[in-house]
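Accompanying notes for the structure given below.
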Amino acid sequence: MLVFLYLEKKKMSVLKLMEWRYATKIFDPEKIVPQEDIEYLKKCIRLTPSSYGLQPYKIQIITDADTKKKLLPYSYNQRQVVEASHLFVFANFTEISDEYLEYFYRLKAKVQGKKFEDYIPYMKKVSAFIKSLSPEKLLEYTALQTYMALETLLIAAPEKQIDTCAIGGFMPDKYNEILGYPQKNLNACVVAAVGYRSPEDQNQYLPKFRIPEEDLFF
Ligand SMILES: Cc1cc2nc3c(=O)[nH]c(=O)nc-3n(C[C@H](O)[C@H](O)[C@H](O)COP(=O)(O)O)c2cc1C
179 MLVFLYLEKK KMSVLKLMEW RYATKIFDPE KIVPQEDIEY LKKCIRLTPS SYGLQPYKIQ
239 IITDADTKKK LLPYSYNQRQ VVEASHLFVF ANFTEISDEY LEYFYRLKAK VQGKKFEDYI
299 PYMKKVSAFI KSLSPEKLLE YTALQTYMAL ETLLIAAPEK QIDTCAIGGF MPDKYNEILG
359 YPQKNLNACV VAAVGYRSPE DQNQYLPKFR IPEEDLFF
């Protein structure tokens with residue numbers, strides 16, 4: 179009982195975890211995130227909510243040093259790309275095809291013990307909505323969902339004392355080319371470096387800065 183109470187007390191609130199995290203600029207390149215922690219983060223990211231639940235993105239997890247090196251110049255030489263243990267590339271769908279919708283609703287029906295046929299009228303409505311979007315609007319729509327998945331990672335990682343840096347400063351076209359995304363109807367949307375902070379990173383010692391609540395909420 180005492181051990182349980184101690185562990186409960188040690189559990190950090192989301193608020194404390196948010197205070198602990200920061201955009202890590204210098205990672206310790208020697209420290210590798212264990213696979214079981216990566217699996218935990220994957221489980222969290224998978225549960226991210228999305229519009230219609232469609233999850234219109236895929237996430238590539240890169241550990242290969244050569245690939246990271248290739249991406250570095252197209253990440254404005256941000257060293258996190260090569261020094262962090264894992265690089266998560268969040269890629270949004272460039273199209274949401276009727277085939278995807280059918281795959282999605284067939285799977286949903288199976289998991290929830292329902293008939294696929296019952297989903298068809300709703301699926302058609304979703305399809306009509308998707309088709310009403312211009313290619314640019316669709317890309318914007320899928321990108322918005324993709325950022326939510328990124329946020330899950332940023333919030334979940336601190337629970338395992340894992341550091342992250344969201345990276346929007348990169349060249350999507352070059353990432354797409356290197357990672358072969360156009361053939362997969364994907365677009366590099368946002369990136370996150372995942373690993374452990376180096377004591378050299380001075381940013382971790384700075385007080386957290388945010389606009390005060392009174393200026394943020396009304
Ligand atoms: C979508 C997005 C893109 C970002 N891109 C970069 C980036 O390219 N390089 C970087 O060092 N930090 C990047 N950041 C980190 C922000 O600069 C950082 O989160 C912000 O300044 C607040 O600081 P904190 O996260 O340390 O509290 C990005 C953050 C977000 C959410």
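In my numbering, the protein residues as written are 179 to 396.
Even for Gly, the Cβ is constructed at its ideal location relative to N, Cα and C.
Keep in mind it's a predicted model, so treat the numbers as computed, not measured.
*Looking at Tyr400 and ligand 1, is the gap between the Cβ and the nearest heavy atom below 6 Å?*
With the chain covering only 179 through 396, there is no way to say anything about residue 400.
*CB of Ile345 to nearest heavy atom of ligand 1: below 6 Å?*
If you check the C-beta of Ile345 against ligand 1, you find a heavy atom less than 6 Å away.
*Return the chain-ordered ranges of every beta strand (DSSP E) run that is complete within the segment 316-345 and spans a minimum of 3 residues.*
Positions of the beta strand (DSSP E) runs, each at least 3 residues long and wholly inside the segment 316-345, are given as 341-345 in order along the chain.
*Of the choices Val260, Pro207, Lys309, whose alpha-carbon is the least far from that of Ile345?*
Nearest C-alpha to Ile345 among Val260, Pro207, Lys309: Val260.
*Terminal residues of the beta strand (DSSP E) in which Ala174 lies*: No statement about residue 174 is possible, as the shown extent of the chain runs from 179 to 396 and does not include it.
*Can you name the start and end residues of the beta strand (DSSP E) that Gln238 belongs to?*
Unbroken beta strand (DSSP E) run through Gln238: 235-240.
*Could you check if Lys246 is buried or exposed, using at least 16 other CB atoms within 10 Å of its CB as the buried criterion?*
By the neighbour-count criterion, in which 16 or more other beta carbons inside 10 Å mark a residue as buried, Lys246 falls on the buried side.
*Touching or not, the segment 267-286 and the segment 361-380, by the rule of three or more beta carbon pairs under 8 Å?*
In short, these stretches touch, since the Cβ pair count reaches three.
*Inter-residue spacing [alpha-carbon to alpha-carbon] between Val211 and Ile204*: Cα to Cα, the separation comes out at about 15 Å.
*Rounded straight-line distance, which links the Cα of Thr226 to that of Lys286*: Rounded to the nearest whole angstrom, the C-alpha separation of Lys286 and Thr226 is 16 Å.
*Quick one, which of Ile223, Pro207, Gln213 has its alpha-carbon nearest Ile333's?*
Taking each of Ile223, Pro207, Gln213 in turn and checking the Cα distance to Ile333, the smallest one comes out for Ile223.
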